[in-house]
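With the first letter of the sequence shown counted as 1, position 312 gets the number 426 in my numbering; the numbers rise by one all the way through.
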Amino acid sequence: MDKDLQEHLADWLGQEQQRVQGAKKLTRQEKAFLAGRAGIILKTAAKNRSLRVLRARSKPVAVVYRIPSNRPRIKNQQALFFMMDREKTSRKTRAWIKEQLRSLGAAAPRATVATLMPGDEKLYRSVLLAAGFQNRYEILKGDTKVALRNLRQRKDPPRDLTHAGLNLVRLTSASQLKEAMRLQKSVILKFKRHGYFSHTPKQLREDLKCYREALKEKSGVLLGVYQGSRLRGLMAATIHPGDRPGERTGSLAFFLHPSIHGQGITKTGYRIFLEFFVRRKVRTFWGGTSQPAIQHLSRLMKRQIVAVIYVK
Ligand SMILES: CC(C)(COP(=O)(O)OP(=O)(O)OC[C@H]1O[C@@H](n2cnc3c(N)ncnc32)[C@H](O)[C@@H]1OP(=O)(O)O)[C@@H](O)C(=O)NCCC(=O)NCCS
115 MDKDLQEHLA DWLGQEQQRV QGAKKLTRQE KAFLAGRAGI ILKTAAKNRS
165 LRVLRARSKP VAVVYRIPSN RPRIKNQQAL FFMMDREKTS RKTRAWIKEQ
215 LRSLGAAAPR ATVATLMPGD EKLYRSVLLA AGFQNRYEIL KGDTKVALRN
265 LRQRKDPPRD LTHAGLNLVR LTSASQLKEA MRLQKSVILK FKRHGYFSHT
315 PKQLREDLKC YREALKEKSG VLLGVYQGSR LRGLMAATIH PGDRPGERTG
365 SLAFFLHPSI HGQGITKTGY RIFLEFFVRR KVRTFWGGTS QPAIQHLSRL
415 MKRQIVAVIY VK
């Protein structure tokens, strides 16, 4: 194992983590974790022959690698990354990264994900598109209080849906969840392009588990949107452990039947969920989406784009 390369990669991973989470100092445990993670990445990528390293005067300055996804949603799902010393990037380094992304990306299997920091998009987007990547997901981080304030100032959505002739019902029982999961699946299959992997049996099982826990521990709110007695929409807010000890973070999901789109339902959902997060002292909420409506509302609520994921 190249110790020098492992140390550099651990540093670069740490810098990216700080950029994503906001520049808090990394703890000793986090640094140790990243050193281990760098070791695993280098070993795995080298074994797969998917490791490219650029050196200048024998010092590593950038690395591009493709490794199996951390949380694979489908079999053999891969992830493509590059890391570098961002203070010392040159045109030559960027050209080298483009070339490696092109070759490792083109040879990558379907459903490979490639992560870009928002500032890198203008440089590398076209390379990823040329390598066969298509869908673009924004990974969004929001401050619950800021988002709620902006949502109320800009839209002030009502807490119910009577204006649309719909009923908003808090789901509380496992039997209601069954129907809700069927709806989630059928909606997401209609919008597969935006569904990421939400329609796969594995993801549906994971979501159901998470919703069940939310019911049991009241660590979430599940809302059904009813048109008469028919369930037409599912909106979910759940609370999860954050990246740092003791931290908790929120996550949201929206699945509306097309017959009820365009009536401001999501905004009502956001209001209820953000008020719930604020009451529970959950300060951040995260999510990934390629849905223009959600991206639009995220800008309005001043959520920050922390990464952009392209999927092949
Ligand atoms: C995404 C979804 C939840 C949005 O539902 P909705 O509440 O009907 O959304 P609306 O159509 O009312 O749009 C909400 C806002 O986005 C805007 N918007 C809608 N489509 C847009 C587009 N293509 N580009 C930019 N803004 C758009 C609307 O104008 C509205 O903003 P406004 O209040 O400032 O006018 C719904 O379409 C859905 O369930 N889709 C299928 C499942 C899915 O993709 N879920 C999301 C996974 S992240």
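C-beta: ideal position from N, C-alpha, C; glycine also.
Based on the DSSP output, what are the partners of residue i in its beta bridges?
i    : result
Y251 : I423
L165 : Y179
P355 : R362
P174 : R169
F368 : M349
T229 : I423
R344 : Q341
Q418 : K255
Taking the Cβ atom as the reference point for each residue, do residue i and residue j lie within a distance shorter than 8 Å?
i    : j    : result
V134 : V420 : yes
T229 : Q192 : no
K381 : P271 : yes
S404 : N249 : yes
L194 : L215 : yes
I386 : G347 : no
L318 : M295 : yes
F399 : G376 : no
L345 : G334 : no
A209 : Y179 : no
I302 : F196 : no
V392 : L262 : yes
I423 : I253 : yes
I353 : V396 : yes
L156 : Q120 : yes
Starting from residue i and walking both ways along the beta strand (DSSP E), at which residues does that stretch end?
i    : result
L262 : From DSSP, L262 is part of no beta strand (DSSP E) but of the alpha helix (DSSP H) over 258 to 268.
G338 : 334 to 341
A225 : That residue, A225, is in no beta strand (DSSP E); it is neither H nor E in DSSP.
L140 : L140 -> no beta strand (DSSP E), and no H or E assigned at all.
F195 : 192 to 198
T403 : 398 to 403
L282 : 281 to 284
Give the range of the alpha helix (DSSP H) segment to which residue i is assigned.
i    : result
R319 : 315 to 331
L119 : 117 to 135
S204 : Segment: none, S204 is in no alpha helix (DSSP H) and carries neither H nor E.
A288 : 288 to 304
G383 : 379 to 393
K189 : Neither: K189 is in no alpha helix (DSSP H) and is coded neither H nor E.
S240 : 235 to 244
Select from the options the residue whose C-alpha is nearest the C-alpha of residue i.
i    : options                : result
T258 : Y340, L366, L345       : L366
T314 : I188, S289, R142, E327 : I188
K202 : A160, P186, R180, V175 : V175
R142 : R358, R266, L218       : R358
G443 : L165, R171, D199       : There is simply no residue 443 to check, as the chain begins at 115 and stops at 426 in what is shown.
L291 : E327, G342, R273       : E327
F247 : K299, R307, Q298       : R307
A351 : G360, E361, V396, L336 : L336
L165 : I154, A149, V283       : I154
K323 : K299, A288, F311       : A288
L297 : D125, D321, D274, A278 : D321
G383 : L140, A170, I181, N281 : N281
R163 : K206, S217, T207       : S217
Examine ligand 3 and report whether any of its heavy atoms sits within less than 7 Å of the Cβ of residue i.
i    : result
V241 : Ligand 3 is not among the ligands present in this structure, which contains only ligand 1.
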